[in-house]
Every structure is written in C-alpha cells, then in structure tokens.
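A.B. asks: Taken in sequence, the protein lines are chains A and B.
For what it's worth, the numbering used here labels the leading residue of the first sequence as 1, then goes sequentially.
For what it's worth, the numbering used here labels the leading residue of the second sequence as 232, then goes sequentially.
Don't be surprised by glycine CBs; every beta carbon is placed ideally from N, CA and C.
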Amino acid sequence: MEFLLDSFFSALLLLWSIDPELVEIVSVSLKVSSSSTLIASLIGVPAGFFIAFREFPGKRLLITILNTLLALPTVVVGLFVYAFISRRGILGVLDLLYTQKAMIIGQVILIIPIITVFTISAISRIDERYRQTAMTLGANALQTAWVIIREARFGIVAAVIAAFGRVIAEVGISMMLGGNAKGFTRNMTTAMALEYDKGEFVLSVALGIVLLTVSFGLNIFFNYIQGRARV
Amino acid sequence: MLYELNNLKKIYGKRTVLDLTSLSVEAGRIVGLLGPNGAGKTTLLEIFAFLSEPTSGELWFQGKEVEHENNKLRDLRRRVVMVQQHPIMFTVTVEKNLEFPLNIRKIPKQRRGKVIDELLDLVGMGVFKHARAHNLSGGETQRIAIARALASSPEVILFDEPTASVDVEHQIAIERILREINQEKGISVIFTTHDMNQAARLADEVIFLFEGRLAQSTYENIFSGQIVPGENGEPYCLVQNKLKLGINKGHMGPVRIAINPNAIQVSQTADDPPPANSFKGRLLQLTDEKNKVRLLVDAGLPLSVLLSKQDFAAMSLDMGSSIWLTCPPDSIEII
Chain A
1 MEFLLDSFFS ALLLLWSIDP ELVEIVSVSL KVSSSSTLIA SLIGVPAGFF IAFREFPGKR
61 LLITILNTLL ALPTVVVGLF VYAFISRRGI LGVLDLLYTQ KAMIIGQVIL IIPIITVFTI
121 SAISRIDERY RQTAMTLGAN ALQTAWVIIR EARFGIVAAV IAAFGRVIAE VGISMMLGGN
181 AKGFTRNMTT AMALEYDKGE FVLSVALGIV LLTVSFGLNI FFNYIQGRAR V
Chain B
232 MLYELNNLKK IYGKRTVLDL TSLSVEAGRI VGLLGPNGAG KTTLLEIFAF LSEPTSGELW
292 FQGKEVEHEN NKLRDLRRRV VMVQQHPIMF TVTVEKNLEF PLNIRKIPKQ RRGKVIDELL
352 DLVGMGVFKH ARAHNLSGGE TQRIAIARAL ASSPEVILFD EPTASVDVEH QIAIERILRE
412 INQEKGISVI FTTHDMNQAA RLADEVIFLF EGRLAQSTYE NIFSGQIVPG ENGEPYCLVQ
472 NKLKLGINKG HMGPVRIAIN PNAIQVSQTA DDPPPANSFK GRLLQLTDEK NKVRLLVDAG
532 LPLSVLLSKQ DFAAMSLDMG SSIWLTCPPD SIEII
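1) What are the start and end residues of the alpha helix (DSSP H) that includes valine 81 of chain A?
2) Alpha carbon to alpha carbon, how far is arginine 487 of chain B from tryptophan 291 of chain B? Give it in angstroms, no decimals.
3) Just to confirm before moving on: does the CB-CB distance between leucine 265 of chain B and phenylalanine 439 of chain B stay below 8 Å?
4) Based on Cα-Cα distance, which residue from B:Lys295, B:Glu284, B:Gly244 lies nearest to tyrosine 234 of chain B?
5) With 8 Å as the limit, tell me which residues of the stretch 301–318 of chain B have their beta carbon closer than that to any beta carbon of chain A; keep them in chain order.
6) Let me know the secondary structure DSSP gives serine 253 of chain B once reduced to three states.
7) Does the distance from the C-beta atom of glycine 443 of chain B to that of aspartate 250 of chain B stay below 8 Å?
8) Quick one: which residues of the stretch 135–166 of chain A get their C-beta closer than 8 Å to a C-beta of chain B? List them in chain order.
9) Pull up the DSSP beta-bridge partners for glycine 456 of chain B, would you.
10) What is the C-beta distance between phenylalanine 359 of chain B and isoleucine 347 of chain B, in whole angstroms, given that I count them as a contact (C-beta under 8 Å)?
11) Please decide whether threonine 322 of chain B counts as near chain A, where near means a Cβ-Cβ distance under 8 Å.
12) Could you compute how far the alpha carbon of lysine 473 of chain B sits from the alpha carbon of aspartate 391 of chain B?
13) Check the Cβ of glutamine 226 of chain A against every Cβ in chain B and list those closer than 9 Å, keeping chain order.
14) If distances are taken between C-alpha atoms only, which option among B:Ser283, B:Leu282, B:Val297 comes closest to glutamate 289 of chain B?
15) Any contact of the stretch 128–139 of chain A with the stretch 97–111 of chain A, i.e. 3+ C-beta pairs under 8 Å?
16) Going along chain A, which residues have a C-beta under 7 Å from arginine 195 of chain B?
17) Can you name the residues that DSSP bridges to methionine 313 of chain B?
18) Is arginine 60 of chain A close to chain B, meaning its C-beta is less than 8 Å from at least one C-beta of that chain?
19) On the DSSP bridge list, what partners appear for alanine 530 of chain B?
20) Relative to the C-alpha of arginine 379 of chain B, which residue among B:Ile554, B:Ala280, B:Val314, B:Asp542 is closest?
21) Quickly, what does DSSP pair asparagine 237 of chain B with across the bridge? List them, please.
22) Could you have a look at phenylalanine 3 of chain A and say whether DSSP puts it in helix, strand or coil?
23) Can you tell me which residues form a DSSP beta bridge with phenylalanine 510 of chain B?
24) Select from B:Val397, B:Leu367, B:Glu411 the residue whose C-alpha is nearest the C-alpha of isoleucine 388 of chain B.
25) Is it true that the stretch 24–34 of chain A meets the stretch 155–168 of chain A, where meeting means three or more beta-carbon pairs spaced less than 8 Å apart?
26) Need the endpoints of the beta strand (DSSP E) that arginine 444 of chain B sits in, please.
27) Going by beta carbon distance, what residues of the same chain come within less than 6 Å of aspartate 561 of chain B, once the five residues before and after it are set aside?
28) Sort A:Ile209, A:Ala145, A:Val28 by Cα distance to serine 124 of chain A and report the nearest one.
29) Pull up the distance between the alpha-carbon of histidine 317 of chain B and that of phenylalanine 422 of chain B, whole angstroms please.
30) Looking at chain B, is there any beta carbon in it that lies within less than 8 Å of the beta carbon of threonine 133 of chain A?
31) Since aspartate 127 of chain A meets chain B, which of its residues come closer than 9 Å, beta carbon to beta carbon?
32) Does the stretch 81–93 of chain A come into contact with the stretch 143–158 of chain A, if we say contact requires no fewer than three beta-carbon pairs (one atom in each stretch) closer than 8 Å?
33) Classify methionine 550 of chain B: buried if its beta carbon has 16 or more other beta carbons within 10 angstroms, exposed otherwise.
34) Is leucine 409 of chain B closer than 8 Å to proline 393 of chain B when the C-beta atoms are compared?
35) Report the partner residues of lysine 154 of chain A according to the DSSP bridge assignment.
36) So what does DSSP say about leucine 211 of chain A, is it helix, strand or coil?
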C-alpha cells in the first residue's frame, strides 16, 4: 500500500511542476480522443436519427447488432483495423499504422455504436407531438429533424460524453494501432501501461489522476448545462 | 369551398375511423365538429391539417385535389395550422416558440419582435414572453399555442378540443380569441368539441360526427345500443347496458338510436305504475335556448331534453333535483 501513497505524492509534485513529458502525453490523448468523438458524432447522431425515424426491413436486427457492438472489445477493433492498414493490408500503402490517424480510425469504429444506440433511445423518447407541431407550423423535413434533435439534446450530449469517456480510457486500440511511440502516439493509457511494466508508478498515478479529472470535469459540465436548462 | 371530401375513408388496421361520403366546408366561417369521444373528430382534423393521409377517397382544398406527396404537402401545411388538444411547447422560451414559424418563413428579424408582441397581446399572454414555455399551465399553454399557430399567418386554423382541458377563465378567453381570429383576421376556423353548447355558442355551422360518419345535426341524444327480445316478445333497445328502452320496431342486433329531445316528457313525481320507458335522472344543467329551455339530465347517460318555457316555469325545477323522464317509443329513432 505504501508505494501507492508515495507514488501519489510524487505524482502530485509532477503535476504541479507541469512536467513537459506529461503535458505531451495528455495532449496526444485529448487530441486523438476529441477527434474520434467528433467524427463518430457526425456519423452516429444522424445514423441514430435515421434509424429511430424510418421503418425499413431489418431495423430490429440492426438495432440488435448495434447493441451487441456496445460491448466491442478494443483489442478486436485493433486487430480488425490492423488487418486493413498493416503493410500487407489493402490500405497498407497509406502508411497509417502507428500514427494518430490509425488510433482515430479505431476509436471511431469503437464508439459509433455507442453514439448511434444512445441517440436512437434519446430520439425515441421524444414526444410525437413535437414532430406534428413542427410540421403543422410549416417546417420542412430538415427543420422538423432539427426540432427533434434540439428536444433530444441532453440525451445526445450524454451519448457523446459517454463515447468520449470510452475512448479516452481505452488502451487496446491505442496500443495496437498507435504503437505507443513517444512524442507521437503515446497517450495516457499506453503510457500508464508502459510505466507499469517498467515498475515506475509515479507517472502512471499522475496520468490516472489526470484521466479521472478529465472525466469528472466533463460530467460537472454536463450537469451544469442540464441543470441550467431545467430552471 | 375550403374543403371538399368525397368517399373519404381512414382505416387504422381493421378499424374504420372515418367514412364520409361527402362533406364540404365553406371558407371564412367558424365550423364546429361535434361528436362524442371516438367519433373521428381528431382524425378528420388531422386530415384537414394534411398531417394524416386518408386511406382512400378524395380531398379537395380550395378547389384543388390534394396530392399526398411530401413536397407538395408542405406548401399546403403552410396555409393551414392545427392546434392540438394538448399542445406541446418546444423547451425554449415562449418568445422562441413563437419565433419558430416566423423563422422558417424567413420573416426578417426586425419584424419578428413586433409580430410576437402583437400575438401575445391578442391571446393576453404578454407577461409570459420570456418565461420557459414548459413551465406554463394547461390553459396558458393552450393560449400560447394559439399565438404560435397564428405566427404562421394561416388561412385556416384547426383547433382540437380547444377548451377541453382548461379552466373556465381560460375557456372564456379562448372562445373570445377564436371569434376574434375569425372576425378580425378573416381566418377560417374549424374546431372540434363534444360540448353541444359550445358548438352552438361559437360555430356558424355545426357538423355532427358519430362513429366516423356524418350524422344529421338535428339528431341529438345519440347512443349506440343493442336491440334484444324482451320477455313478452316485444323488442327493446338496451343502451350501454344501462337503459332499457321499448321501441316500435327494429331488427335484432347493434344499432344507433337518437332520442328526440322535444319528445321526452318530464315530471317531478313518478306515476304509479310508472309508464314504459320511464326512468329517474338528476338535473345537471339548464340552458336558455330561444323559446325553449334545455335540460341536461344524468340518467345513467347524459340526456338532453328541451322544454317549452311555459312547461319549464310550471315546474320550478332545482339544479340537482331528481326528475322523471319518459321517452315514448315514438321519440326514439333508429339511425
């Protein structure tokens, strides 16, 4: 137990001194995870909207598959993307392996199901009268969709935050597709894993603190905007 | 003609909700759609609002047949607006709610403020301009919804039970607003109600709907019932398992009957023995109608009775008092 306490205090010192290596690692994490969350949102939110509103054959099957993919292990995504972008893969010529782009691709695949499924459930909860009201007031299809998305905004923001939480904390994809290259693809989770392997706990603990703080901050922010809207 | 319908049907699953052979509605008037719950009033209103597509038949709007294709419907929807029975507000301020139809019609920003203030004034809800629309009461919501509907500067405005879920104060205000919209802005108004008095008060014309069909508006006291053979062989009509009414003739099975309110006899004491088709009820409501008085009586079912003023004066009836009604078989018509 003692090593954890010692590491904890050393970690606080490291954070206090704004260690450049630590800053670099944190910024890689934030950059990669924000990018993947943004891209996945641009795909997942409209997809969720479409699935919630349209009737098409195989809709239930699709939702079941998406629900299954919520539990997608990161290493499976890593392996799958690796098959495409490794030298022998069909996208090998693009030289994507062990880059931040590769990490983003993997993370996008990981969280599209999360954003889509949560968007479907957020939109399905919206009262049917909103659609009718928008239409009778003269809105076209796009304007009607916008009204419904606006009413479902908290559910959709929650979906995006959950997705961000998933990618910033995942390690499998970052390790397999990023390769943990110092200064390029080393992020908080891969650095923690490495430091743990080396038996160095200080940086690990410091990064753990940062990771939890980011999640905590996001949730406070979310609660704040939700609370403001309910007044 | 504003609307014309020919052989229009709306079927949900196996249930025919609307079955109208022919109906026309004139422009510029207040038209009441009167009927009990489940008569198809809301469905008809949704069809008038181009929100619901008829299963079959023709719908004409302002002399043109309506084609139910999405891009064409939007242009029609911009001329007709519907206010639902329980309107829903967007979870933004009242002002933003009213701005929505202005915004999608690309009304310039400078003009929007003026329009919003005018409309809030019209419905008497100016103080709520900056309130969160979701925190309003039912009556307030209803009035704001009317203002929001007017913001889309419609030619026709459709109200589904505009006063069914509001208190008396709002009811009076809403009826005034309906008249004002029609008389001052020249907007055609169609509203549904199950309240005969409201229909008579507000509407220039009343359309009576019963079980998805048009009923002649002269019919009142319409009930569905069952004709069954009686003990002595004479058939009688059992109305909603509550009243047994002897009738002149009729085939066995389910029917709709109308009881003529002018032919119902009223007395304060029961004759001994009570004549056929006689039963006790409680006087709920009195309304003055030209040279008659309308009594609403709870006899297990709500029955409307019309008495001449002399007969009424001779009886000195009190609200809530028990009275005896007799419906002679001649007063009951099978429709």
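C.D. replies: Checking against the coordinates, here is how it stands:
1) 74–85
2) 30 Å
3) yes
4) B:Lys295
5) Asn301, Arg305, Arg308, Arg309, Val311, Val312, Met313, Gln315, His317, Pro318
6) strand
7) yes
8) Met135, Thr136, Leu137, Gly138, Ala139, Asn140, Ala141, Gln143, Val147, Arg150, Glu151
9) B:Val470, B:Val486
10) Contact doesn't hold; Cβ gap of about 11 Å is too wide.
11) yes
12) 30 Å
13) Going along chain B, no residue has its Cβ under 9 Å from glutamine 226 of chain A, so there is no contact; the nearest lies around 12 Å.
14) B:Val297
15) no
16) Because chain B here runs from 232 to 566, residue 195 of chain B falls outside it and cannot be looked at.
17) B:Leu389
18) no
19) DSSP output for alanine 530 of chain B lists no bridge partner at all.
20) B:Val314
21) B:Ser253, B:Glu289
22) helix
23) B:Leu556
24) B:Glu411
25) yes
26) 444–446
27) none
28) A:Ala145
29) 14 Å
30) yes
31) Ile319
32) no
33) exposed
34) yes
35) Residue identity differs from the one stated: residue 154 of chain A is phenylalanine in this sequence, not lysine. Answer by DSSP bridge pairing: none, since phenylalanine 154 of chain A is not bridged.
36) helix
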